[in-house]
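Contents: one structure, followed by commentary.
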Amino acid sequence: MTRKIWIVSLIFLLVGSFSITSWPPMIAESASPEASEKRLIVKFKAETSENARKSLVRKQGDQIIFESRQLDFLVVEIPKDESLPLAKNQYRSHPDVEYVESDQPGNLDFVSKASPLSSHQKDRQAVEAFIPNDPLFSTDQWGPQKIKAPEAWDITIGSSDITIAVVDSGVQADHPDLEGKVIKGYDFVENDWDPQDEYGHGTHIAGIAAAATNNEIGIAGISPNSQILAIRIFKNETDSGYTSYFAQGIIHAADRGADIITCSFGINEPSLTLKAAVLYAWSKGAVVIGSAGNEPTSKPRYPAAYKPAISVANTDPNDEKAEDSNYGEWVDIAAPGTDIISTIIGSQYFEVSGTSMSVPHVAGVAALLASQGYNNKEIRYIIMKTADKIPGTGTFWSSGRLNAERAIRYAQKHQ
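Going by numbering that gives the first Met the number 0, the residue at position 212 of the sequence shown is 211; the numbering climbs one at a time, nothing skipped.
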């Protein structure tokens, strides 16, 4: 998928000790998928011994670069002079192999949109509810107000016992609005336990979902009391992540006990491995939330399209589908995703757009519901049941636009 080049506006705003600034300079064209053409995911039958698996790979002349014990697959690298279709067929024909597929590259689901800070003022609704003292909440955070988060906060601001896993580019753990909230998960890029964000996307997602709230700096998170489990599967947008990384990130989040898992990324072709990862996380009790993508097209994007994941489209301040948001009957719900201000690396803040940003709005509400004792099946049902039936419902998405207040009040009534 070709990514749009970032068009960045430098915005100056002095409020206390923080600033809104431009996204860190990056080349925004995605990496060539040619790098993935020599990687295969090979899923063996359960009864196949480890020795037999490794023996087959050696016989093929390939190299094992990763192994998933949870899902019983290997990622193998094919020599440059070997035909990929031939290698696939050779594995596929072996009686010990359940399936083989390409290790597809995927991308983060953001687009380049930066609007003047005053653009949302006329769209913002009056709120008679808890108003946090975070400076950017009242002036620039239209998303929480559109979904009636302040009204939900009158009932609950979540619990520190609830963890939102951000499977992404890592998270800046010492950002002033995230400090003390970030749990370090695995870094699948550097193969260590220090998933620091070098790009900014994961930090942006984390802030939307669970930034510290009512702390007199920056923004307010949808689920202020939740913890954030940082898992790194992207270095930056030029290093397109692989399907195997995505799957292992989701699996790792589930194994670490995450209640909610954000997947603001995807691939455009089906993957049995990614589907298995979603089902694995669901079986562990996690709510998996995926971005619908920004092509725009009605073609499904994965893992968002794999039920029981919740797939999320992007709406703007006028409750209209963002022009570049994917859509269709396979999309479950819509949420704010246009010109969303949040935390980025460098202890700063910036507005970004895309279905990537819609996902953590839903994740935050899911975390609020989890803090009330609801399980993943119940959370999925409540979020979709209580969505506002805005124009486009039934065509662009099935349920409507996210409504935090209705979700929490429904949960309170039926507890």
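Every residue, glycine too, gets a C-beta built ideally from N, C-alpha and C.
Bear in mind the structure is a predicted one, so any value in this text is a computation, not a measurement.
Classify residue i as helix, strand or coil using the three-state DSSP reduction.
i	result
Ile-389	coil
Val-170	coil
Leu-367	helix
Glu-97	strand
Arg-38	strand
Asn-313	strand
Val-444	The structure shown has nothing for residue 444, since the chain only spans 0 to 414.
Asp-254	helix
Gly-292	coil
Arg-405	helix
Lys-87	helix
Leu-70	coil
Leu-107	strand
Tyr-241	strand
Ala-304	coil
Glu-350	strand
His-413	coil
Phe-136	helix
Thr-272	helix
Pro-335	strand
Val-188	coil
Any idea if residue i is buried or exposed, counting beta-carbon neighbours within 10 angstroms, 16 or more meaning buried?
i	result
His-251	buried
Thr-394	exposed
Asp-173	exposed
His-413	exposed
Tyr-380	exposed
Arg-57	exposed
Asn-374	exposed
Arg-68	exposed
Ile-259	buried
Arg-91	exposed
Asn-317	exposed
Asn-88	exposed
Gly-201	buried
Ile-64	exposed
Asp-323	buried
Gln-171	buried
Gln-103	buried
Ser-48	exposed
Gly-217	buried
Quick one: Cα of residue i to Cα of residue j, how far?
i	j	result
Lys-384	Val-351	28 Å
Ala-403	Asp-191	36 Å
Ala-321	Lys-44	43 Å
Thr-272	Thr-242	8 Å
Ser-82	Arg-408	58 Å
Glu-422	Val-364	Nothing can be reported for residue 422, as the shown portion of the chain is limited to 0 through 414.
Phe-129	Gln-144	11 Å
Gly-248	Asn-235	16 Å
Ser-101	Arg-38	6 Å
Ile-309	Lys-79	38 Å
Ser-397	Gln-59	46 Å
Ile-339	Met-356	7 Å
Asp-71	Glu-97	10 Å
Ile-151	Asp-196	This sequence places Ala at residue 151; Ile is not what is there. Using only the alpha carbons, I get a separation of about 30 Å.
Ala-219	Ser-341	9 Å
Leu-55	Glu-46	15 Å
Ala-285	Ala-253	6 Å
Ala-210	Asp-387	25 Å
Glu-377	Thr-138	34 Å
Gly-391	Thr-212	32 Å
Tyr-305	Pro-194	26 Å
Gln-411	Ile-382	13 Å
Ala-362	Leu-85	42 Å
Ala-280	Gly-327	25 Å
Val-99	Asn-50	18 Å
Arg-405	Lys-183	33 Å
Thr-155	Pro-131	13 Å
Leu-278	Trp-141	33 Å
Ser-35	Tyr-185	For Ser-35, the predicted structure reports a pLDDT of 45, less than 50, and the residue's modelled location is therefore unreliable. The matter cannot be settled from this model.
Ala-303	Arg-52	31 Å
Which whole-angstrom value is the C-beta distance of residue i and residue j, which I expect to be below 8 Å?
i	j	result
Asp-108	Gly-353	5 Å
Val-287	Ile-227	About 16 Å; that fails the 8 Å criterion.
Ala-205	Ala-246	Actually they do not touch by this definition, with Cβ atoms about 21 Å apart.
Tyr-198	Ser-168	4 Å
Cys-262	Ser-282	That pair is no contact at about 16 Å.
Ile-221	Ala-208	6 Å
Arg-231	Phe-187	6 Å
Asp-61	Glu-76	6 Å
Tyr-348	Leu-135	7 Å
Worksheet item: Three or more beta-carbon pairs under 8 Å between the stretch 145-160 and the stretch 366-373, yes or no?
Response: These segments touch.
Worksheet item: Is it true that the stretch 282-298 meets the stretch 257-268, where meeting means three or more beta-carbon pairs spaced less than 8 Å apart?
Response: yes
Worksheet item: Does the stretch 298-315 come close enough to the stretch 327-345 to have 3 or more Cβ pairs within less than 8 Å?
Response: yes
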